[in-house]
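**Student:**
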Amino acid sequence: MTVIDTRLAPGAIGKPQTRIDGVAKVTGAALYPSDQPLTNPAFAYLVTSTIARGRVARMDFARARAVPGVLDILWHGNVGGQAKPPPAVGGRGKSTTTMESDKVWHIGQIIAVVAAETLEAARQAAHLVEVVYEAEAPSATFGSAGATEQSLAEATAADRQPYKDIQVGDAPAAFAAAPVKVEASYSTPTQHHNAMELFTTTCEWHGAKLTIHEPNQFLHGLRAEVAAQLGIGADDVRVLSRYLGGAFGGKGGTTARTAWIAIAARRLKRPVKLEATRKQGFTIATYRAETRHRVRLAAGRDGRIEALMHESWEATSRPSTYTVTGVDTVCRLYRAPAIQTRVNLVHLDRNTPGYMRSPPDTPYLFALESAMDELAYALDLDPIELRRRNDAQRDSVRDRPYTSRHLNECFEQGARAFGWDQRARAPAQMRDGDWLIGYGCAASTLHTSIDAASARVTLTAQGRVKVEMAALDFGNGTYTVIAQVAADRLGVPIDAVDVQLGDSDLPAAGYAAGSKHCATVSNAVAKGCELLRARIALAATGAADGPFAGRDPATLELRDGTLRGADGAGEPLQKAVARAGGRLEVYAEHIPAGAPADAVANTWQGRFSSVAGTRLPHEIRAAFGAQFVEVRVHARTREIRVARALGAYAAGTIINPVTARSQLMGGIIWGLSAALFEQTEIDAKRATYVNDELGEYLVPVNADIGSVEVLMLPERDPGINELGVKGIGELGITGMNAAVANAVYHATGVRVRDLPIRIDQLL
Ligand code: MOS
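For the sequence shown, the residue numbers in the numbering used here are -13 to 749.
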C-alpha cells in the first residue's frame, strides 16, 4: 500500500477542516427549503388513504369546505388528469399512483390535498373530508395471503435490460461435495429513513415559470421529472434545495406530492407550502423493504470457499419491480469457484420501497457476513483468517481486477487497534461480572461510482474564488469539500472561497447518492480550477515581461497566493490574475473515464450519468473496511449494550479527515441502529405501519453508543478518478449488522439471524 501522493495534496486537500457552513447551520442562518420566506403563501395538508387496497368510492367535501380559510381541495375528480405519475422508483417497473384515479395501492396514499389560508385550517379541513372506500383485504408482508412471488429474472424478462441470475460453475454439486458447510436463513426488517427534516414542498409560479423549494438529492432529476409530469418544459422549472436536514436515500427521487402542490399553486395563483407530517412521511415516500435470505456456503478443510449460493426475497409494491439485488456485492467480496444466486420479488399492497443507506449491501452483507462467521466456527478458524484465505483481488463472477483493494490490511490494522488477539475463540467464554462479553467482526464494502458533473469557478483579481454548482449538502460536508478542492488547486486560503450549491439554475452536478457525490464534485471543481490555472499560466508565459516569459505554461502552479515555477520563481496571484484579464470565470465539465461524451448533457437533462464501479468491463472499483464490535450482554436480563465499535477503512484519497470521520462514524452508528433498534412494525391485517413516529421508531440515543473509533488507512488509487476519491458515506454501515450479530453470538452462543436483535431472542 502506498501513502497518499504528496503531489496530490499540496494544500487544503487532505487537511482536517471544520464545516464552512457550520455556523450558518447552528445559528439558523441556513434556510431549509420550507424556511423560504414567501409572499402570501397558502398552506397545504394531505388527505391520505386509511385503507391499503381498493378504491375511493365517494368523497364528501361539504364539512371540509365549511372550515373558515379553506381555499381549494384537489382530488382525482378535479385534477386527476392534470399530472402524469412520477417515474417508477429506480426506473424499474411501474409506479403506484395517487390522485390520477380512484385506485388505492397502499395505506397512507395521497387521495386529496386541502389548501387554506393557514396550516391549522388546512389540517382541520383535511380531517373533515369524508371518504367512502370500497376496500379489499390487503397483503401486508412476507407470508400474507395474496402476496405474489416472482423471480426478478421472470419479472424483468420483457425489459430492455432484463435481470439475470448469477451462475458460476456447478454450485449445487460443489456444495453437496464440500466437507464443511453452512446453510441458514436470515432476515432484515422494514426500515424508514426518518431524516430530521420532513418531506416538504413549496411551489410558486411566476407566469409560466415554476419554482420548487424541496429537499432533494438530484435537482436536475426533480426538475425534468416534474416538468414531464406537468407537460411543461424543464427550462421553465427551477428547483432550490440549498440545505437539507438529512436524506439517506429518502429524498432520492421524485415523489407524487410535488406535482400536486405545483398544480395547487397554479390554481390558487399564489405560493403553496406543504410540510407533510412525520407519519405521512412513512407512506408518501420510500423506505427500506424487508428482505429474506437463504445462504449456502461451503468450504474445504483448508477454509477455502468451494460454493456460494444465495437466494433472496425482497418486498415491493404491486406494480414495481424495484429491488436492491445485493447479490452483486455478495458474489464479489470473496474468491468463490462456484456461485449461484436468485433474487425474488414479493409483491404487496404497500408503497414502493426505495434507496436507503447503502441499499443493496446492507441487508445482503448481513446475510453473507453472518454466514462467514458461522463458517469460521464450523472450521474452527479465526473469522479474520477465514476472510484472509478467501481474499479476492479479482471478481469471482467476471474475473475483473479491483483497481485497489486493501481489505486484508483493514482487518490487520483494525484487529490490532481493537485488541482482537484478546478474544477467546469459542463463544460464551468472556465475562466481566454479570456481563457476557463478545467480540465480532465483519467486512464492509461499497462500490465506487461517480457522476459526470459541471461547475462554474470564478476568480477575482483580489484572489476571491466562487464555485457554483447544483450539488447538494445534506449534512455530508459537500460545501466544505468543494471549498477545500478550490483552495488547494488555486492556492488561496479556504476562507477566500464562496460556495453556492442547491439551485438547478447552477451547473448540473449529478445525483447526491450512492456515496459518489464527493468524487463527483471534487473532480469537477478540480477541472474548473485547472482551466483557470492554465489561463493564468498562459498569460504569464505569453507576456513579454514578468518572470515566466517564454516558459511552458504546464510547469506553473498556483500555490500560497503565488503563481510558481518549478524553479521557485514566483509572481503574486493578484498580479498574475490581472495579467490574464482581471476577473476569470470558467465553466468546466468533468466526464469521468467510462462515461459517454454526452454524460454532462444527460445530467443537465436530469438523467443518470453514473459510472458505476461494478459495471465496467475490465475492472471493479470499490472501497473496503473491516468492522469490529464489542457487545456486552447481561447474564440475567439479556440487555445488549455495544461497548465499543471500530472501523478500519481504505477508501482512496480522503479530502477532509474531519467530515470523512463523521461520515464513517455515522455509518457505524447507523449499523448499530439497524442491528439493535430499527424496525418499522407492520399490522399484518391492515397493512399499516404501526410505529410511524419518532417516539416509537427506535433509533439509538447517545447513551446507546459507547466508544466509536475510525481508522482511515492511506490509499492512493488514481485509476478510479483523477483525485483518487472513493465513496465513504455508506461504506461505514455495510458490515455493521453482521459485526454486531457475530459479537452477540460470541458473547452468548446464540446465533440471531433475524434483525433487529432483541432481548427476547436471547432468552
Ligand atoms: Mo443513498 S441510499 O445512495 O442516498
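Using N, Cα and C, we set each Cβ at its ideal position, and we do this for glycine too.
Since this is a predicted model, take the numbers as computed values, not measurements.
(1) The beta strand (DSSP E) that contains H192, what's its start and end?
(2) Return the CA-CA distance between F204 and L226, expressed in angstroms with no decimal places.
(3) Rank W656, G633 and R409 by C-alpha distance to the C-alpha of L699 and give the top, closest one.
(4) Using a threshold of 8 Å, is the CB atom of F234 nearer than that to any non-hydrogen atom of the ligand MOS?
(5) With hydrogens ignored, establish whether the beta-carbon of M342 is closer than 8 Å to any heavy atom of the ligand MOS.
(6) Can you round the beta-carbon distance between R51 and E116 to whole angstroms, since I take them to be within the 8 Å contact cut?
(7) Are P71 and A324 closer than 9 Å when you measure CB to CB?
(8) Starting from the N-terminal side, write out each stretch of the beta strand (DSSP E) that is 3 residues or longer and does not extend beyond the stretch 628 to 713.
(9) Quick check: A583 and V507, are their CB atoms within less than 9 Å of each other?
(10) DSSP on Y573, reduced to helix/strand/coil?
(11) State the DSSP-derived secondary structure class of A754, mapped to helix, strand or coil.
(12) Looking at A631 and the ligand MOS, is the gap between the Cβ and the nearest heavy atom below 8 Å?
(13) With V628 and G692 assumed to form a contact (beta carbons below 8 Å), what rounded beta-carbon distance in angstroms separates them?
(14) Which word fits E616, buried or exposed, when buried means at least 16 other C-beta atoms lie within 10 angstroms of its C-beta?
(15) Between P345 and the ligand MOS, is there a pair consisting of the residue's CB and a ligand heavy atom that are separated by less than 8 Å?
(16) Less than 8 Å between the CB of G77 and some heavy atom of the ligand MOS, yes or no?
(17) Near A(-5), which residues of its chain fall below 7 Å by C-beta distance, leaving aside the five closest residues on each side in sequence?
(18) With DSSP collapsed to three states, give me the class of W421.
(19) Quick one: residues in its chain with C-beta nearer than 6 Å to the C-beta of D755, no 5 flanking neighbours on either side, listed in chain order?
(20) I think N728 touches G426, with their Cβ atoms under 8 Å apart; what is that distance to the nearest whole Å?
(21) What is the C-beta distance between A107 and V33, in whole angstroms, given that I count them as a contact (C-beta under 8 Å)?
(22) With a Cβ-Cβ cutoff of 9 Å, do S303 and R336 count as a contact?
(23) Consider the C-beta atom of G238 and the heavy atoms of the ligand MOS; say whether any pair is separated by less than 8 Å.
(24) Cβ of L269 within 9 Å of Cβ of L717?
(25) What three-state label does DSSP hand N509 in the structure shown?
(26) Per DSSP, what kind of secondary structure is V383 in: helix, strand or coil?
(27) Does the distance from the C-beta atom of P493 to that of R450 stay below 9 Å?
(28) Quick one: which unbroken beta strand (DSSP E) runs of 3-plus residues sit fully inside the stretch 37 to 122? Chain order, please.
(29) Please name the residue or residues paired with H503 in a DSSP beta bridge.
(30) Is it buried or exposed for Q326, if we count other Cβ within 10 angstroms and need 16 for buried?
(31) What does a CB cutoff of less than 6 Å around D745 pick up in its chain, not counting 5 residues either side in sequence?
(32) What's the C-alpha gap between A428 and L684?
(33) The ligand MOS heavy atoms versus the CB of G657: any closer than 8 Å?
**Tutor:** This is what the structure holds:
(1) T186 to H192
(2) 11 Å
(3) G633
(4) yes
(5) yes
(6) Not quite, the Cβ-Cβ distance comes to about 11 Å (not below 8 Å), so this is no contact.
(7) no
(8) 691 to 698
(9) no
(10) strand
(11) Past the boundaries of the shown model lies residue 754; the chain is included only from -13 to 749, so the question cannot be answered.
(12) no
(13) 6 Å
(14) buried
(15) yes
(16) no
(17) At A(-5) the pLDDT is 45, less than 50, meaning the model places this residue with poor confidence; the figure from the coordinates comes in the next sentence. Excluding sequence neighbours, A(-5) sits near nothing in its chain.
(18) strand
(19) Residue 755 cannot be examined here, being either before or after the span of the chain that is shown, -13 to 749.
(20) 3 Å
(21) Actually they are not in contact, since the Cβ atoms of A107 and V33 sit about 14 Å apart, beyond 8 Å.
(22) yes
(23) yes
(24) A small correction: the amino acid at residue 269 is Thr; Leu does not occupy that position in the sequence shown. No, these two residues do not count as a Cβ contact at 9 Å.
(25) helix
(26) coil
(27) no
(28) 40 to 46, 56 to 61, 96 to 102 and 116 to 121
(29) For H503, which the question treats as bridged, DSSP gives no partner whatsoever.
(30) buried
(31) Going by the sequence as given, residue 745 is Ile instead of Asp. Excluding sequence neighbours, I745 sits near R624.
(32) 24 Å
(33) no
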